[in-house]
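These notes concern the structure reproduced below.
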Amino acid sequence: MFSNKKVTTKDLIWQGLIFWAIVYTAAEAPYSIVYHTRIHLWQVIIDIVIGAMFFVDFQSHYQKLKKIRDKERKKGIIESHKLERFTLVIDLIACIPFDLIAYMIDSPNIQQILSLVRLLRLVRVMKIVDMFGDLVFVPKFIKMQMIVVWSLMAVHWVTLGWICIYPSEEGLSLVDYYIKSFYWAVTTLTTIGYGDITPNTTGGRLYTMVIQIAGVGVYGIVIGNVSRLFAENARIKEQTRDKISQLNLFMRHYHIPNKLQDAVFGYYNHIFTKRLSDNDHQIISELPQALQRELQMYMNINLIRNLTIFKHCSFECLRAVSLSLEERFFAPGQPIINIGDHGEEMFIIGHGNVEVTLADGKPIATLTEGNFFGEIALLQETTRNANVRAISYCDLFLLKKTDFLRIIKDFPELLSSMENQRK
Numbered sequence: 033m034f035s036n037k038k039v040t041t042k043d044l045i046w047q048g049l050i051f052w053a054i055v056y057t058a059a060e061a062p063y064s065i066v067y068h069t070r071i072h073l074w075q076v077i078i079d080i081v082i083g084a085m086f087f088v089d090f091q092s093h094y095q096k097l098k099k100i101r102d103k104e105r106k107k108g109i110i111e112s113h114k115l116e117r118f119t120l121v122i123d124l125i126a127c128i129p130f131d132l133i134a135y136m137i138d139s140p141n142i143q144q145i146l147s148l149v150r151l152l153r154l155v156r157v158m159k160i161v162d163m164f165g166d167l168v169f170v171p172k173f174i175k176m177q178m179i180v181v182w183s184l185m186a187v188h189w190v191t192l193g194w195i196c197i198y199p200s201e202e203g204l205s206l207v208d209y210y211i212k213s214f215y216w217a218v219t220t221l222t223t224i225g226y227g228d229i230t231p232n233t234t235g236g237r238l239y240t241m242v243i244q245i246a247g248v249g250v251y252g253i254v255i256g257n258v259s260r261l262f263a264e265n266a267r268i269k270e271q272t273r274d275k276i277s278q279l280n281l282f283m284r285h286y287h288i289p290n291k292l293q294d295a296v297f298g299y300y301n302h303i304f305t306k307r308l309s310d311n312d313h314q315i316i317s318e319l320p321q322a323l324q325r326e327l328q329m330y331m332n333i334n335l336i337r338n339l340t341i342f343k344h345c346s347f348e349c350l351r352a353v354s355l356s357l358e359e360r361f362f363a364p365g366q367p368i369i370n371i372g373d374h375g376e377e378m379f380i381i382g383h384g385n386v387e388v389t390l391a392d393g394k395p396i397a398t399l400t401e402g403n404f405f406g407e408i409a410l411l412q413e414t415t416r417n418a419n420v421r422a423i424s425y426c427d428l429f430l431l432k433k434t435d436f437l438r439i440i441k442d443f444p445e446l447l448s449s450m451e452n453q454r455k
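Positions in the sequence shown are counted from 1; adding 32 to them yields this note's numbering.
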């Protein structure tokens, strides 16, 4: 089930800190077990900090669960919450600073056991994944970060498994041997296997076969997730390219004149610049009318907010205008306003060009994107004193007289902006 809940910056930072604390534990604890390293003071300090973070996180989850249970009791709902209780116990154990205990006891065997217990902190990863999995939108940098980190972590664990089977090699330092083992893990997981490092025992061969089989799946999962991540990012652009490509083939097949091609492509360029795609209305068509109206308002605000007339208007003014706008399309040569007509609306040019002419046909102005016309008849209660016709494919916003007079009364800054633009 999806949730429309958004992750706040505070939550994102906190979950990021928890995530990296888990990553540190997932990398350092197995390394300490395999290499039988002694606990150092810096490890103790880091472990205390991580334990404190997990304790704060534990308290937060405990309070949330307590509130849920209190609400259920009031409603007469009886739930066992056994799974939640179990995870709370795991979270509580994860708060314990095991490195501090191991440092104080100074026993290699106990250090090994406590390092294993520390791996219980990895259970917290499932909560992070579950939290983001319920969200409709997850930032791409978070998805990429998790793919890269856990891919490297998988290679790290495979490397340590190899080191368990073949602990050391003469003439190589601990770091050099780890890098050599890491190289083997990468080539084996990616099924490249150059053959320069090969197992020479039964255990090693069995381990290698398991890793090679697992590597096929891991490699596919990683490549698949990365490909899907980039595909999601480029899906709308790819759909746009396909539409333009099909349109271009259409133009060539039917030998459409260049002038008309320019007009068509110009219109589509306007559509794809101002909107997400050419089917924005279809995206929201299944929603209730009230929600469609709200979303349409924000779509209209996005279309008009950069027009000169609205640049210095408040959001409340833009909201009022966007709720009243009607979008109209006109073809080249199509009349928009005729002399003598009674003025019932004004127009704002979203895209295209219009020509203003007098009664004798003499052109007096050419208006382009961001300009407006028809407002004089509304303000002065007169008939139209000029003809206006489209000279290209036009996308106009219509504002009816009653809405226009109401808006300039409530928001005088719009009228001031119009007067300044006319000067």
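Every residue, glycine too, gets a C-beta built ideally from N, C-alpha and C. Model, not experiment: these values are computed from the prediction.
query, result
"Just the C-alpha distance for cysteine 196 and serine 205, rounded to the nearest angstrom, thanks.", "16 Å"
"Would you call the CB atoms of asparagine 332 and leucine 357 closer than 8 Å?", "yes"
"Got a sec? Which residues, its chain only, sit under 6 Å from tryptophan 46 by beta carbon, not counting five neighbours each side?", "none"
"Sort out for me which residues DSSP pairs phenylalanine 405 with in a bridge.", "Phe379"
"Could you check the C-alpha separation between glutamate 326 and isoleucine 371 for me, to the nearest Å?", "36 Å"
"Measure the C-alpha to C-alpha separation of tyrosine 94 and glutamine 278 and round it to an integer number of angstroms.", "57 Å"
"With distances taken between CB atoms, is the gap from isoleucine 380 to isoleucine 341 smaller than 8 Å?", "yes"
"Just checking my contact of lysine 359 with aspartate 427 at CB under 8 Å: how many whole Å lie between their CB atoms?", "Correcting the residue type first, residue 359 is glutamate in the shown sequence and not lysine. Correct: roughly 7 Å between the Cβ atoms."
"Taking a contact to mean a Cβ-Cβ separation below 8 Å, would you say glutamate 413 touches glycine 382 in this structure?", "no"
"Out of Leu148, Phe347, Lys441, Ala295, point me to the one whose CA is closest to isoleucine 65's CA.", "Leu148"
"Cutting at 6 Å between CB atoms, please list the residues of its own chain near glycine 298, excluding the five before and the five after it.", "none"
"Go through the segment 112 to 200 residue by residue and report every complete run of the beta strand (DSSP E) that reaches 3 residues or more, in order.", "none"
"Residues in the same chain with beta-carbon distance under 6 Å from leucine 355, minus the five sequence neighbours each way, listed in chain order, please.", "Met329"
"Just to confirm, are cysteine 2 and phenylalanine 443 a CB contact at a threshold of 8 Å?", "Absent from the model: residue 2. The displayed extent of the chain is 33 to 455, so no value can be given."
"How many angstroms separate the CA atom of lysine 99 from the CA atom of glutamate 407?", "58 Å"
"What is the rounded straight-line gap between the Cα of isoleucine 243 and the Cα of leucine 152?", "24 Å"
"Tell me which residue opens and which closes the beta strand (DSSP E) that isoleucine 368 is part of.", "367 to 369"
"Check whether the segment 179 to 197 touches the segment 42 to 59, counting contact only when three or more Cβ pairs, one atom from each stretch, lie closer than 8 Å.", "yes"
"Tell me, to the nearest whole angstrom, how far the beta carbon of tryptophan 216 is from that of isoleucine 224; I am working on the premise that it is less than 8 Å.", "In fact, because the Cβ distance is near 11 Å, the residues do not count as touching under 8 Å."
"Look at methionine 378 and leucine 431 and say whether their C-beta atoms are less than 8 Å apart.", "yes"
"Is it true that the CB of isoleucine 368 sits closer than 8 Å to the CB of valine 353?", "no"
"So is valine 207 buried or exposed if we call it buried at 16+ other beta carbons inside 10 Å?", "exposed"
"Pull up the CB-CB distance for valine 76 and tyrosine 135, whole angstroms please, since I reckon it's below 8 Å.", "5 Å"
"Apart from the five residues just before and just after valine 157, which ones in its own chain have a Cβ nearer than 7 Å to its Cβ?", "Ile54"
"From phenylalanine 214 to tyrosine 63, what does the alpha carbon distance come to, in whole angstroms?", "13 Å"
"Answer with buried or exposed for asparagine 419, where buried requires no fewer than 16 other C-beta atoms within 10 angstroms of its C-beta.", "buried"
"Cβ of isoleucine 50 within 8 Å of Cβ of aspartate 79?", "no"
"Whole angstroms is fine: what's the gap from leucine 192's alpha carbon to lysine 172's?", "30 Å"
"Quick check: what's the CA-CA separation for methionine 241 versus aspartate 274?", "44 Å"
"Return the first residue and the last residue of the beta strand (DSSP E) that proline 460 is part of.", "Any question about residue 460 goes unanswered here, given that the chain covers just 33 to 455."
"Classify tyrosine 425 as buried or exposed, calling it buried when 16 or more other Cβ atoms lie within 10 Å of its own Cβ.", "buried"
"With distances taken from CA atoms, which of Leu399, Arg421, Phe404, Leu154 is nearest alanine 391?", "Arg421"
"Helix, strand or coil for arginine 360 per DSSP?", "strand"
"Report, in whole angstroms, the separation of the C-beta atoms of leucine 410 and lysine 433, which I expect to be a contact under 8 Å.", "5 Å"
"Just to confirm my understanding: we take asparagine 417, look at its own chain, exclude 5 residues before and 5 after, and list those with CB closer than 8 Å. What are they?", "Ile371, Ile408, Ala409"
"When burial is assigned at 16 or more other CB atoms within 10 Å of the CB, is arginine 150 buried or exposed?", "buried"
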